[in-house]
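Protein chains in written order, with the numbering used here: chain A, 179 to 624; chain B, 24 to 513.
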């Protein structure tokens, strides 16, 4: 999932005291200049419209609350399989024709599945809006689930997984690390796993998943671009009003995380080219404004070419030759996840200590205003750059609507980040970056 | 012939299954009539690009400004009219390394200082070196444009080529090129260009990483001195900016950039390949084979350019195009098959590519060549041409939507001196293409004997290589290892 769509939701939630269905609103701020209108159809489908006529394009995103968190034990891979089957034809669209219809117009499309959502999105010339709505509504109401297609897609997913594993040997350690960082099954299991569950999935499993979660009441339709609001509403009503509502979808479970001390584990049984480690912090419970501070903290420590940790371990100490860090925002609280690769185990140990020491420095001292401004400016650049794309904006709005964030909250998002101060950062690091929130997985060479 | 396992379920069978399944679906009878067929589009709205305003500065620097009203970000690009083709002979990659040294320290500031200055203002600086030109790109928050110009001035006008920084840049670039050689698609494409550009300065960009170790800071300094001059550069600004005001700001900072004589004689295009050549690149880790079949075509300034874009679309632009439908859907030879056209200052390269198994290598190559020959001799269906044009016109706004896409195209237009038909009137240029133009382009460019490049594991491809008369075998760095005549080493 793109960074934009995973970001900002929790923050907005913390400040979303307005009614869940605040409707036609104009949200204007230095970062968000786009009018947004939101409403709900009788079948429960939430619709978000945002007009931007600067290019003759329209992006349509349909996001379902149907990620891997909905899978039961023994069903790992079902959400991803479902995503693939959504391109295998519906009542009026034959297999793969969804792709062909969009591509014929010069449009592009994609889909992805995460922990809590499955998102389908396309960008087309704006005069083809009706086509996108026709296609999306057809697979929302009448997906054709055929045993042959299920078996073929399972085979393709497993094949792709095996190929990726051959070229990305650390993919497995990422999955193992998640099971330590998120010990409860719904949150910690991988999208595909070893593939053993996937192989056993049946037509009945797929049909039940589709019938339970691919429902208008569990989805958001987001349309951004060169649209006329009245005409768009007409088209949305035409194609989606008669999609049956289906049963009520329960909220997904919240994550459980209770440990009284730091957890350190090692992984030796897999073949890795060089040693490395995963280091993570579960960052909860959050207080008001914490999420903004965390996002700026991520930039202070890890983002850009001059971040504290990057400079220390990749340029000065040279204890790592690769590092990746991200603030992962999930329902139930974010986590900071760091992965580093090192030339040997001594270096791995030193690198880990260096990262922790850089975090600890923020506990005893405050970050300077200049450094904070740099982090904020980099954050702002990324934020604005992502909003330049209609499809990213559509996904962002879909997520916001999904989380019942009022559109007024969008206007102040950037400003909230710009208000983060050094004291807040110091306080947050002392509160959340503590041993009981820390998980380490050392990756060793066998 | 054995077909790729992943293709065993065929569209026809799936279609039958769908029809049967549809007939049994209760909803089929009850659905609204409008759901049965795709809706018609609304009236088409054309992409409107802003004018490029060019303002010459006294030292020979040209400033080009395009407005992007409402954009909170500004993109500043300095296009240097020298690219990888200008690297000295036997010192390939000098153009790239020189560009990468911009920002790696100046006479007054270290590389870390410069990086800090860039990031402090919310800036993002990158360099891209093409065959004919180099682009230094600076995306920055609009409120910091003045600061960005200050830093850019330092970086471009007073770079230092310190040993330590040059070593770091060389190490990183070598690593990137070695990584590239693990990728069969990139390796294959590079080998195709290497063969097509044999004996031509364009071949410089296709060299392997091993020559980098011979490059010294002096070489980079010399390249910089020779080509980084205001009269050999275009300064491009796009964003919510006022042209005359930007011209003043740029002029104030860059008027000390001293004009000097730059000798860069016009380059003739490389000759079209006319000899049958089958090149095999041995990549022991490959699981499948990747095929490239291609040759040289016209430059983007040619009147055949837009008809050829439409032709490329018909041949292999998408999954609906001829190659995909033939090689994958009809014959089952390939997992995927597409075509692409890449353009440089003096020529273009057109090629088909396909991912296949070892058993289908020969058949797929033959089929691609047959497709090319067929295109040059048959009449195109008007509907096919209109569909291809519709795709290209519909896809245009997507190419310009992002800041990066917009800036890259703008840089290409100013660097290659392309006319308004490539920018403001680009939709018209495509719409004017007709069946006759496309046929003419096909007849002019497709009959030439293409170069064939196959990337795969030599061990498992050994049987397949016997089907070809003469095969040149290379390693992934591009070094010729041996020649095979019907599979046997000569």
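No residue lacks a Cβ here, since even glycine has one placed at the ideal position from N, Cα and C.
Inset, instruction - Check residue 609/A in the structure and name its three-state DSSP category. - result: For the purposes of this step, residue 609/A is taken as the residue at position 431 of the first chain. Residue 609/A falls in the helix class under three-state DSSP.
Legend entry - Interface partners of residue 420/A on chain B, CB under 8 Å: Position 242 of the first chain, counting from 1, holds the residue named residue 420/A. The answer, in chain order, is 55.
Inset, instruction - Just the C-alpha distance for residue 225/B and residue 279/B, rounded to the nearest angstrom, thanks. - result: Within the second chain, residue 225/B is the residue found at index 202, counting from 1. Within the second chain, residue 279/B is the residue found at index 256, counting from 1. Their Cα atoms are separated by approximately 33 Å.
Inset, instruction - State the DSSP-derived secondary structure class of residue 90/B, mapped to helix, strand or coil. - result: Within the second chain, residue 90/B is the residue found at index 67, counting from 1. Residue 90/B: strand per DSSP, three-state reduction.
Inset, instruction - Given a cut-off of 8 Å, decide if residue 228/B and residue 312/B are closer than it, judged by their beta-carbon atoms. - result: Walking along the second chain from the start, residue 312/B turns up at place 289. Walking along the second chain from the start, residue 228/B turns up at place 205. Going by C-beta atoms, residue 312/B is not nearer than 8 Å to residue 228/B.
Inset, instruction - Compute the beta-carbon to beta-carbon distance between residue 421/B and residue 238/A, rounded to the nearest angstrom, for a pair I have assumed lies under 8 Å. - result: The count along the second chain starts at 1 and reaches residue 421/B at position 398. The count along the first chain starts at 1 and reaches residue 238/A at position 60. Rounded, the Cβ-Cβ distance is 14 Å, inconsistent with contact.
Legend entry - Nearest residue (CA-CA) to residue 472/A, options 443/A, 611/A, 316/A, 366/A: Residue numbering aside, residue 472/A sits at position 294 when the first chain is read from its first letter. Ranking the options by Cα distance to residue 472/A, first place goes to 611/A.
Inset, instruction - Assuming residue 299/A contacts residue 396/A (C-beta within less than 8 Å), just tell me the rounded distance between them. - result: Residue mapping note: residue 299/A aligns to position 121 of the first chain, counting from 1. Residue mapping note: residue 396/A aligns to position 218 of the first chain, counting from 1. Actually they do not touch by this definition, with Cβ atoms about 17 Å apart.
Legend entry - Nearest residue (CA-CA) to residue 406/A, options 536/A, 596/A, 213/A: Working through the first chain from its first residue, we reach residue 406/A at position 228. Closest option to residue 406/A, Cα to Cα, is 213/A.
Inset, instruction - Return the first residue and the last residue of the alpha helix (DSSP H) that residue 388/B is part of. - result: Mapped onto the second chain, residue 388/B falls at position 365. Residues 384 to 400.
Inset, instruction - Indicate the three-state DSSP secondary structure (helix, strand or coil) for residue 290/B in the structure shown. - result: Counting from one through the second chain, the residue named residue 290/B turns up at place 267. Coil at residue 290/B, not helix or strand.
Inset, instruction - With 8 Å as the threshold, decide whether the Cβ of residue 281/A is near any Cβ in chain B. - result: Position 103 of the first chain holds residue 281/A. Yes, residue 281/A counts as interfacial toward chain B.
Legend entry - Test: residue 509/B CB closer than 8 Å to a CB of chain A: Locating residue 509/B in the second chain gives position 486, where the first residue counts as 1. With 8 Å as the cut-off, residue 509/B does not count as an interface residue toward chain A.
Legend entry - Which residues DSSP lists as bridging residue 501/A, in chain order: On the first chain, position 323 is the one that residue 501/A refers to. For residue 501/A, which the question treats as bridged, DSSP gives the partners 518/A.
Inset, instruction - Measuring only between beta-carbons, confirm whether residue 420/B sits less than 8 Å from chain A. - result: The count along the second chain starts at 1 and reaches residue 420/B at position 397. Yes, its Cβ sits closer than 8 Å to a Cβ of chain A.
Legend entry - Under 8 Å between C-beta atoms of residue 368/A and residue 386/A: Position 190 of the first chain, counted from the start, is the residue given in the question as residue 368/A. Position 208 of the first chain, counted from the start, is the residue given in the question as residue 386/A. In this structure, residue 386/A does not lie closer than 8 Å to residue 368/A by Cβ.
Legend entry - Reference residue 306/B; option with closest CA among 500/B, 139/B, 59/B: Stepping through the second chain from its first residue, residue 306/B is reached at position 283. Answer by Cα proximity: 500/B.
Legend entry - Same chain only: Cβ atoms within 7 Å of residue 223/B, ignoring 5 sequence neighbours per side: Within the second chain, numbered from 1, the residue matching residue 223/B stands at position 200. 293, listed in sequence order.
Inset, instruction - Measuring alpha carbon to alpha carbon, tell me which of 433/A, 318/A, 582/A ends up nearest residue 240/A. - result: Here the question's residue 240/A lines up with position 62 in the first chain. It is 318/A.
Inset, instruction - Kindly list, in the order they appear in chain A, the residues whose Cβ is closer than 7 Å to that of residue 230/B. - result: In the second chain, residue 230/B corresponds to position 207, counting from 1. Taking the beta carbon of residue 230/B as reference, no residue of chain A falls within 7 Å; the closest one sits roughly 25 Å away.
Inset, instruction - Starting from residue 386/A, trace the alpha helix (DSSP H) both ways and give me its first and last residue. - result: Your numbering for residue 386/A matches position 208 in the first chain. For residue 386/A, the enclosing alpha helix (DSSP H) has its first and last residue at 381 to 391.
Inset, instruction - Let me know if residue 213/B comes out buried or exposed under the rule of 16 or more other beta-carbons within 10 Å of its beta-carbon. - result: Locating residue 213/B in the second chain gives position 190, where the first residue counts as 1. Residue 213/B should be labelled buried.
Legend entry - Residue-chain proximity (residue 551/A, chain B), Cβ-Cβ < 8 Å: In the first chain, the residue the question calls residue 551/A occupies position 373. Yes, contact with chain B.
Inset, instruction - Would you mind reading off the limits of the beta strand (DSSP E) that contains residue 359/B? - result: On the second chain, residue 359/B is found 336 positions in, with the first residue counted as 1. Its beta strand (DSSP E) spans residues 357 to 366.
Inset, instruction - Starting from residue 303/A, follow the beta strand (DSSP E) in both directions and report where the run begins and ends. - result: Position 125 of the first chain, counted from the first residue, corresponds to residue 303/A. Note, residue 303/A: beta strand (DSSP E), 296 to 303.
Inset, instruction - Check each residue of the region 404 to 432 of chain B: if its Cβ is closer than 8 Å to any Cβ of chain A, include it; give the result in chain order. - result: 410, 413, 414, 415, 416, 417, 418, 419, 420, 421, 423, 424, 425, 426
Legend entry - Three-way DSSP call (helix, strand, coil) for residue 490/B in this model: In the second chain, the residue the question calls residue 490/B occupies position 467. In the structure shown, residue 490/B sits in coil (DSSP, three-state: anything other than H, G, I, E or B).
Inset, instruction - Would you mind working out which of 372/A, 485/A, 236/A sits nearest residue 309/A, comparing C-alpha positions? - result: Counting from one through the first chain, the residue named residue 309/A turns up at place 131. When each option's Cα is compared against that of residue 309/A, the closest is 236/A.
Inset, instruction - Look up residue 50/B in the DSSP assignment and say whether it is helix, strand or coil. - result: Position 27 of the second chain, counted from the start, is the residue given in the question as residue 50/B. Bear in mind that the predicted position of residue 50/B carries a pLDDT of just 45, short of 50, making it unreliable; the figure below should be weighed with that in mind. Note: residue 50/B maps to helix in three-state DSSP.
Inset, instruction - Look at the alpha carbon of residue 302/A and the alpha carbon of residue 234/A, and state the distance between them as a whole number of angstroms. - result: Within the first chain, the letter at position 124 stands for residue 302/A. Within the first chain, the letter at position 56 stands for residue 234/A. Approximately 9 Å between the Cα atoms of the pair.
Inset, instruction - Return the CA-CA distance between residue 445/B and residue 502/B, expressed in angstroms with no decimal places. - result: The residue given as residue 445/B occupies position 422 in the second chain. The residue given as residue 502/B occupies position 479 in the second chain. Their backbone Cα atoms lie some 38 Å apart in a straight line.
Inset, instruction - Please list the partners that residue 351/B has in chain A, where partner means a Cβ-to-Cβ separation under 9 Å. - result: Working through the second chain from its first residue, we reach residue 351/B at position 328. Within chain A, no residue comes near residue 351/B; the closest Cβ sits about 11 Å away, beyond 9 Å.
Inset, instruction - Please report how far the alpha carbon of residue 327/A lies from the alpha carbon of residue 341/A, in whole angstroms. - result: As a working mapping, residue 327/A is identified with position 149 in the first chain. As a working mapping, residue 341/A is identified with position 163 in the first chain. Approximately 21 Å, taken between the alpha carbons.
Inset, instruction - Could you give the DSSP three-state label for residue 270/A: helix, strand or coil? - result: Your numbering for residue 270/A matches position 92 in the first chain. In this structure, DSSP gives residue 270/A a state outside helix and strand, which the three-state scheme calls coil.
Inset, instruction - Could you pull the start and end residues of the alpha helix (DSSP H) that residue 356/A belongs to? - result: Taking the first chain and counting its residues from 1, one reaches residue 356/A at position 178. The continuous alpha helix (DSSP H) containing residue 356/A extends over residues 349 to 359.
Legend entry - residue 254/B to residue 86/B span [Cα, whole Å]: Residue numbering aside, residue 254/B sits at position 231 when the second chain is read from its first letter. Residue numbering aside, residue 86/B sits at position 63 when the second chain is read from its first letter. Near 11 Å, if we compare the C-alpha coordinates of residue 86/B and residue 254/B.
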